[in-house]
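K.L.:
Residue numbers (the numbering used here): 99 to 505.
As structure tokens, then:
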């Protein structure tokens with residue numbers, strides 16, 4: 099057990115907030131709090147002592163590790179600065195640890211590993227401050243040159259954790275994840291979800307940039323590649339992400355240039371496989387992988403199409419129609435299992451109407467209008483209808499300007 103004692107020195111104003119801190123072994127240190135900006139502080143205040151302790155604790159780790167690695171260490175200093183919250187209890191909300199390490203013939207990868215081991219595994223003071231909710235960012239300079247201690251995946255994870263703490267957790271409706279968000283409906287939806295109070299994680303095969311701080315940087319996801327899905331879920335798990343909304347939007351109409359080759363009797367097995375992999379298997383694989391990240395009372399939307407519904411029969415775009423019908427039926431089965439397992443997740447497949455996109459240049463509904471319609475579908479007034487019809491297919495009726503549940 100560690101024991102310390104703080105003794106008030108009982109000096110007159112403005113030095114009446116000065117203490118002498120003692121430990122069981124070693125010299126005592128003064129700890130001082132200023133009354134105002136005019137008074138002179140002769141020693142660190144309690145919060146500065148915490149930062150000094152963290153800088154020293156991690157510094158000891160790094161020196162010890164580098165010496166065991168037989169690295170020619172000549173000097174080491176650790177700077178630490180912290181940002182405080184404004185409301186009581188006033189604690190650190192954000193800190194930077196800056197390591198300055200010098201020595202001839204130091205191996206950068208060895209030094210980076212030493213810093214990373216201390217920061218992630220060994221430094222107890224750092225761990226205690228992290229547990230208070232403070233986000234700590236380490237930076238390393240070797241012989242005055244900055245060196246990245248993270249590999250790209252770890253760096254992205256740290257960035258996502260910071261976004262979660264500073265932005266996403268403040269969003270009143272939680273976090274939404276969208277697949278296929280590089281353009282069209284997915285891209286527009288991301289922006290409208292922010293307006294409705296969501297923080298958004300966009301995913302796509304192509305990188306895309308959003309201006310809104312509530313939208314995290316686009317994460318790579320190819321729903322037809324199992325490894326891509328696993329990489330995404332691994333990142334979400336390490337970042338402690340929980341979703342309140344999941345929208346499966348990735349899809350394709352056809353891979354052939356001639357429409358006639360998409361017809362029932364002309365379709366190749368390759369065309370069928372490629373469309374089905376993206377439109378159905380991609381949703382099936384990614385949804386099953388993402389279900390564990392859904393919060394209670396969350397929603398999952400799967401983009402289907404009226405072209406896959408039994409009321410809309412035609413022989414063109416056969417692969418597309420069958421894949422979209424499969425999506426609608428899959429949504430029903432997922433809803434049945436979620437209800438049986440009391441997961442409290444609302445599932446639906448939906449047709450957004452004839453939207454003008456790259457896949458449908460003749461669409462009558464603009465992307466903005468489509469996004470607004472989807473916002474209505476997931477709005478609070480629709481919640482009970484969606485729950486009562488869990489797993490069903492919803493289609494936007496353009497003539498009546500309303501959503502209809504088609505069974």
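By construction, the Cβ of each residue, glycine as well, lies at the ideal position given by its N, Cα and C atoms.
Since this is a predicted model, take the numbers as computed values, not measurements.
(1) In this structure, does DSSP put residue 285 in helix, strand or coil?
(2) Is it a yes or a no for the stretch 380 to 388 touching the stretch 332 to 352, going by three-plus beta-carbon pairs under 8 Å?
(3) Alpha carbon to alpha carbon, what distance is there between residue 227 and residue 416?
(4) Going by DSSP, what residue range makes up the beta strand (DSSP E) through residue 399?
(5) If you follow the alpha helix (DSSP H) that residue 261 is part of, which residue opens it and which one closes it?
(6) Which value, in whole angstroms, describes the spacing of the CA atoms of residue 505 and residue 450?
(7) Check the C-beta distance from residue 402 over to residue 448 and give it rounded, since I have them as a contact under 8 Å.
(8) Measuring CB to CB, does residue 152 end up less than 8 Å from residue 208?
(9) If I measure Cβ to Cβ from residue 282 and keep anything under 7 Å in the same chain, skipping five residues before and after, which residues do I get?
(10) Just to confirm before moving on: does the CB-CB distance between residue 331 and residue 238 stay below 8 Å?
(11) Based on the DSSP output, what are the partners of residue 272 in its beta bridges?
(12) From the DSSP output, in three-state form, read off residue 408 for me.
(13) From the DSSP output, which residues share a beta bridge with residue 106?
(14) Which two residues bound the contiguous alpha helix (DSSP H) that contains residue 374?
(15) Quick check on residue 363: does DSSP put it in helix, strand or coil?
(16) Please report the residue range of the alpha helix (DSSP H) in which residue 188 lies.
(17) Tell me whether residue 247 sits in a helix, a strand or coil according to DSSP, three-state version.
(18) Quick one: give me the first and last residue of the beta strand (DSSP E) that residue 328 is part of.
(19) Could you pull out every unbroken beta strand (DSSP E) segment of at least 3 residues lying fully inside the stretch 426 to 476, listed in chain order?
(20) At a cut of 8 Å, does the stretch 265 to 280 reach the stretch 290 to 304 through at least three beta carbon pairs?
(21) I believe residue 361 touches residue 413 by the beta-carbon criterion, under 8 Å. Please report the beta-carbon distance rounded to the nearest angstrom.
(22) Can you name the residues that DSSP bridges to residue 197?
(23) If you follow the beta strand (DSSP E) that residue 379 is in, where does it begin and where does it stop?
(24) Can you find at least 3 beta carbon pairs, one from the stretch 125 to 137 and one from the stretch 155 to 167, that sit closer than 8 Å?
(25) Between which residues of its own chain and residue 119 is the CB-CB distance below 7 Å, once the five residues before and five after are set aside?
(26) Any idea if residue 506 is buried or exposed, counting beta-carbon neighbours within 10 angstroms, 16 or more meaning buried?
(27) Give the DSSP-derived three-state secondary structure of residue 487 in the structure shown.
(28) Work out the CA separation of residue 501 and residue 307 for me, nearest whole Å.
(29) Hey, is the stretch 177 to 196 in contact with the stretch 144 to 161, meaning 3+ C-beta pairs nearer than 8 Å?
(30) Please state whether DSSP places residue 503 in a helix, a strand or coil.
(31) When the Cα atoms are used, what is the spatial distance from residue 52 to residue 474?
(32) Measure the alpha-carbon distance for residue 257 versus residue 248 and round it to whole angstroms.
(33) What residue does the beta strand (DSSP E) around residue 342 start on, and which one ends it?
(34) Could you pull the DSSP bridge partners for residue 495 from this structure?
(35) Hey, how far is the Cα of residue 178 from the Cα of residue 390?
(36) The alpha helix (DSSP H) that contains residue 160, what's its start and end?
P.N.:
Once the coordinates are examined:
(1) Taking the first residue of the chain shown as position 1, residue 285 is located at position 187. Here DSSP, grouped into helix, strand and coil, assigns residue 285 to helix.
(2) yes
(3) Position 318 of the chain shown, counting from 1, holds the residue named residue 416. Position 129 of the chain shown, counting from 1, holds the residue named residue 227. Roughly 58 Å between the two C-alpha positions.
(4) For the purposes of this step, residue 399 is taken as the residue at position 301 of the chain shown. Taken as a continuous stretch (DSSP letters only), the beta strand (DSSP E) holding residue 399 covers 392 to 401.
(5) Mapped onto the chain shown, residue 261 falls at position 163. First-last of the alpha helix (DSSP H) with residue 261: 250 to 264.
(6) In the chain shown, counting from the first residue as 1, residue 505 sits at position 407. In the chain shown, counting from the first residue as 1, residue 450 sits at position 352. If I take the Cα positions, the gap works out to 16 Å.
(7) Within the chain shown, residue 402 is the residue found at index 304, counting from 1. Within the chain shown, residue 448 is the residue found at index 350, counting from 1. About 6 Å; that satisfies the 8 Å criterion.
(8) The sequence position of residue 152 within the chain shown is 54, counting from 1. The sequence position of residue 208 within the chain shown is 110, counting from 1. It is not a contact, given that the beta carbons lie outside the stated cut-off.
(9) On the chain shown, position 184 is the one that residue 282 refers to. Once the five neighbours on either side are set aside, the close Cβ partners of residue 282 are 455, 456 and 465.
(10) As a first step, residue 331 must be located in the chain shown, where it is residue number 233. As a first step, residue 238 must be located in the chain shown, where it is residue number 140. Against a cut-off of 8 Å, the Cβ pair of residue 238 and residue 331 comes out as no contact.
(11) One-based indexing of the chain shown puts residue 272 at position 174. Residue 272 is not bridged to any residue.
(12) Start at 1 with the first residue of the chain shown, and residue 408 comes out as number 310. Taken through DSSP and simplified to helix, strand or coil, residue 408 comes out as coil.
(13) By one-based count along the chain shown, residue 106 stands at place 8. Paired residues: 117.
(14) Your numbering for residue 374 matches position 276 in the chain shown. Membership of residue 374 in the alpha helix (DSSP H) is indicated by the continuous run 367 to 374.
(15) Numbered from 1 along the chain shown, position 265 holds the residue referred to as residue 363. In the structure shown, residue 363 sits in coil (DSSP, three-state: anything other than H, G, I, E or B).
(16) One-based indexing of the chain shown puts residue 188 at position 90. Counting along the chain, residue 188 falls outside any alpha helix (DSSP H), and DSSP gives it neither H nor E.
(17) As a first step, residue 247 must be located in the chain shown, where it is residue number 149. Looking at residue 247 - three-state DSSP - the assignment turns out to be coil, as it is neither helix nor strand.
(18) Position 230 of the chain shown holds residue 328. Careful: residue 328 lies outside any beta strand (DSSP E), inside the alpha helix (DSSP H) at 324 to 336.
(19) 443 to 449
(20) Touching, per the Cβ criterion.
(21) Taking the chain shown and counting its residues from 1, one reaches residue 361 at position 263. Taking the chain shown and counting its residues from 1, one reaches residue 413 at position 315. At roughly 5 Å, the Cβ-Cβ gap stays under 8 Å, so residue 361 and residue 413 are in contact.
(22) Here residue 197 refers to the residue found at position 99 of the chain shown. Bridge partners of residue 197: 176 and 238.
(23) In the chain shown, residue 379 corresponds to position 281, counting from 1. No residue range can be given for residue 379, since it is assigned to no beta strand (DSSP E) and is classified by DSSP as neither H nor E.
(24) The answer is no - the stretch 155 to 167 does not touch the stretch 125 to 137, with fewer than three Cβ pairs under 8 Å.
(25) Residue 119 sits at position 21 when you count from the first residue of the chain shown. Cβ within range, chain order: 102, 104, 126, 127 and 129.
(26) For the chain, the structure presents residues 99 to 505; residue 506 sits outside this window and is missing.
(27) Locating residue 487 in the chain shown gives position 389, counting from the first residue. In the three-state DSSP reduction, residue 487 falls in the coil class, being neither helix nor strand.
(28) Taking the first residue of the chain shown as 1, we reach residue 307 at position 209. Taking the first residue of the chain shown as 1, we reach residue 501 at position 403. For residue 307 and residue 501, the distance between alpha carbons rounds to 31 Å.
(29) yes
(30) Translated into positions along the chain shown, residue 503 becomes position 405. Strand, per DSSP.
(31) What the structure shows of the chain is the stretch from 99 to 505, and residue 52 is not part of that stretch, so it cannot be assessed.
(32) Sequence index remark: in the chain shown, residue 257 carries index 159 (1-based). Sequence index remark: in the chain shown, residue 248 carries index 150 (1-based). Rounded to the nearest angstrom, the two C-alpha atoms are 11 Å apart.
(33) Residue 342 sits at position 244 when you count from the first residue of the chain shown. First-last of the beta strand (DSSP E) with residue 342: 341 to 346.
(34) Locating residue 495 in the chain shown gives position 397, counting from the first residue. Bridge partners of residue 495 according to DSSP: 500.
(35) Working through the chain shown from its first residue, we reach residue 178 at position 80. Working through the chain shown from its first residue, we reach residue 390 at position 292. Rounded to the nearest angstrom, the two C-alpha atoms are 37 Å apart.
(36) Position 62 of the chain shown, counted from the first residue, corresponds to residue 160. From DSSP, the alpha helix (DSSP H) with residue 160 extends over 144 to 166.
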